[in-house]
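All remarks here apply to the structure that follows.
In the numbering used here, the protein residues as written are 2 to 144.
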């Protein structure tokens with residue numbers, strides 16, 4: 002399993018988004034370096050950043066020092082707008098919800114779990130939150 006999907010003993014810190022008021026979790030610099038497009042990624046200031054998951058918010062990352070990065074500067078901007086469920090294997094929420102309705106969801110989830118267990122996911126750099134995507138499947142199943 003990739004390190005990003007292993008249980009994390011280090012607690013994620015949280016902050017309120019200064020733009021929309023959503024609760025945001027901390028994210029590592031490797032995520033920012035891979036998510037922020039060129040040339041903006043060349044000017045990133047090393048800091049403790051937080052990711053705003055609110056789809057309607059234009060802010061992607063912000064820091065306590067006042068550094069901010071808009072979602073339009075992310076490689077995954079379109080995927081965010083299309084409700085990406087799994088950034089590693091290009092599965093969106095609409096596709097998975099349709100599969101749940103038609104009782105075809107289990108092989109999709111099994112595929113992602115198998116690839117994750119084989120260490121073939123890259124959530125830390127592909128998911129703008131830097132977190133494992135597996136929880137997203139369970140969240141949709143419970144809605």
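Using N, Cα and C, we set each Cβ at its ideal position, and we do this for glycine too.
Query                                                                                                                  : Result
Same chain, Cβ closer than 6 Å to residue 87, five either side skipped, listed in chain order                          : 113, 134
Between the CA atoms of residue 136 and residue 2 - distance to the nearest angstrom                                   : In this predicted model, residue 2 has a pLDDT of only 46, less than 50, meaning its place in the structure is not dependable enough to derive any value.
Given residue 117 as reference, the closest of 96, 90, 38 once Cα atoms are compared                                   : 90
Sufficient close CB pairs (3 or more, under 8 Å) joining the stretch 27-38 to the stretch 124-134                      : yes
Collapsed DSSP secondary structure at residue 85 in the structure displayed                                            : strand
C-alpha distance - residue 138 paired with residue 120, whole-angstrom precision                                       : 18 Å
Spatial neighbours of residue 42 in its chain, beta-carbon cut-off 7 Å, leaving aside the 5 residues before and after  : 34
Close-in-space but distant-in-sequence residues of the same chain around residue 14 (CB under 7 Å, 5 per side omitted) : 27
Check whether residue 39 and residue 51 have beta carbons under 9 Å apart                                              : no
The beta strand (DSSP E) enclosing residue 17, as first and last residue numbers                                       : 15-17
Sequence-distant residues of its chain with Cβ nearer than 7 Å to residue 80 (five each side left out)                 : 88
Uninterrupted alpha helix (DSSP H) stretches inside the stretch 50-128 (no shorter than 4 residues)                    : 78-82, 94-102, 106-118, 124-127
Top-ranked residue by Cα proximity to residue 74, from 19, 82, 61                                                      : 61
Cβ shell of residue 19 (< 7 Å), same chain only, five flanking positions each side left out                            : 63
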